[in-house]
Amino acid sequence: VRRPSPSLHVKYADEPEKLNVEMKDFLSPVEGRLPSNRADIYFKELGNESPILVKLMMKTIYQNDKRVFKHIGTQMFGMKFLLRGLYAHNGLLYFHTRIDNMTNMPYSVDFVTFKVVDKKVAKRTAIQEQVLQPLRAYHQVNYIKGRHTESSVFALEQFSLSEDKQLEVTLYEHNGGRTLTFYVEPQDLLLAQKIDNLKLKW
């Protein structure tokens, strides 16, 4: 099935403020600093945040690899799935996750899900859940070799949790049953770090 290419809508102006708009630095890695006269392009799902800045913050979180949380994660099947850090900036939340493969068997990632679920569900009660779609992902991992570790950063629209809810983050194995899940509690969200405290790495 052939999918239509995304369209780009342009409004004509007799005297435009800028003649050139660069999209290359959003679509591919850029070495060095960005030009000061560039025009940032904004996407609706990112709100008031520039995609270039979002990518830069995710890259910085990934490279700093700081462990903020030591109590959020799960260990099963010789694997660890951990939340290393949580950051907040301008209406977005950044989740820094890590996968440790402590076995000799490689792990193929199918996908990662983020869901808001009820903490306790009584028998015969319908499960209430809300799926949250990541807006961006940095270094999204598809394959972890045996005895290797990989990290990723996911950007989601900012949200909060009531006392009876929790965030369920699940890692699914492709063609396998090694499913790993950890939970983020309402009080954990309140511990999100400020991005302003990071030194952004261009």
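For my numbering, add 329 to where a residue sits in the sequence shown, where the first one is 1. For every residue, glycine included, the Cβ atom is placed at its ideal position computed from N, Cα and C. For clarity, every value in this text was computed on a predicted model and none was experimentally measured.
Tell whether a beta-carbon distance below 8 Å holds between residue i and residue j.
{"i": "residue 385", "j": "residue 401", "result": "no"}
{"i": "residue 496", "j": "residue 410", "result": "no"}
{"i": "residue 461", "j": "residue 446", "result": "no"}
{"i": "residue 448", "j": "residue 373", "result": "no"}
{"i": "residue 403", "j": "residue 518", "result": "no"}
{"i": "residue 473", "j": "residue 430", "result": "yes"}
{"i": "residue 382", "j": "residue 487", "result": "no"}
Relative to the C-alpha of residue i, which candidate in the options has its C-alpha closest?
{"i": "residue 397", "options": "442, 508, 434 and 427", "result": "427"}
{"i": "residue 484", "options": "504, 473, 463 and 520", "result": "463"}
{"i": "residue 439", "options": "517, 457, 506 and 512", "result": "506"}
{"i": "residue 388", "options": "377, 465, 372 and 433", "result": "465"}
{"i": "residue 480", "options": "372, 508 and 391", "result": "391"}
{"i": "residue 502", "options": "529, 406, 382 and 525", "result": "406"}
{"i": "residue 420", "options": "521, 530, 529 and 528", "result": "521"}
{"i": "residue 437", "options": "475, 448 and 527", "result": "475"}
{"i": "residue 511", "options": "418, 441, 529 and 373", "result": "441"}
{"i": "residue 482", "options": "394, 519 and 517", "result": "394"}
{"i": "residue 378", "options": "417, 530 and 458", "result": "417"}
{"i": "residue 500", "options": "470, 414 and 459", "result": "470"}
Need the endpoints of the alpha helix (DSSP H) that residue i sits in, please.
{"i": "residue 517", "result": "515-518"}
{"i": "residue 387", "result": "380-393"}
Does the Cβ of residue i have 16 or more other Cβ atoms within 10 Å, making it buried, or fewer, making it exposed?
{"i": "residue 489", "result": "exposed"}
{"i": "residue 513", "result": "buried"}
{"i": "residue 523", "result": "exposed"}
{"i": "residue 424", "result": "buried"}
{"i": "residue 376", "result": "exposed"}
{"i": "residue 357", "result": "In this prediction, residue 357 has a pLDDT of 41, which is less than 50 and means its spatial position is unreliable; what the coordinates show is noted afterwards. Classification of residue 357: exposed, given that the 10 Å Cβ count is below 16."}
{"i": "residue 380", "result": "buried"}
Check for me: the beta strand (DSSP E) holding residue i runs from which residue to which?
{"i": "residue 376", "result": "Element bounds for residue 376: n/a, residue is neither H nor E."}
{"i": "residue 396", "result": "Counting along the chain, residue 396 falls outside any beta strand (DSSP E), and DSSP gives it neither H nor E."}
{"i": "residue 409", "result": "408-418"}
If we require 4 or more residues per run, which alpha helix (DSSP H) segments fall completely within the stretch 484-524? Counting only runs of 4 or more, we get 515-518.
I'd like the ranges of any alpha helix (DSSP H) spanning at least 4 consecutive residues and lying wholly in the stretch 427-483. Complete alpha helix (DSSP H) runs here, min 4: none at all.
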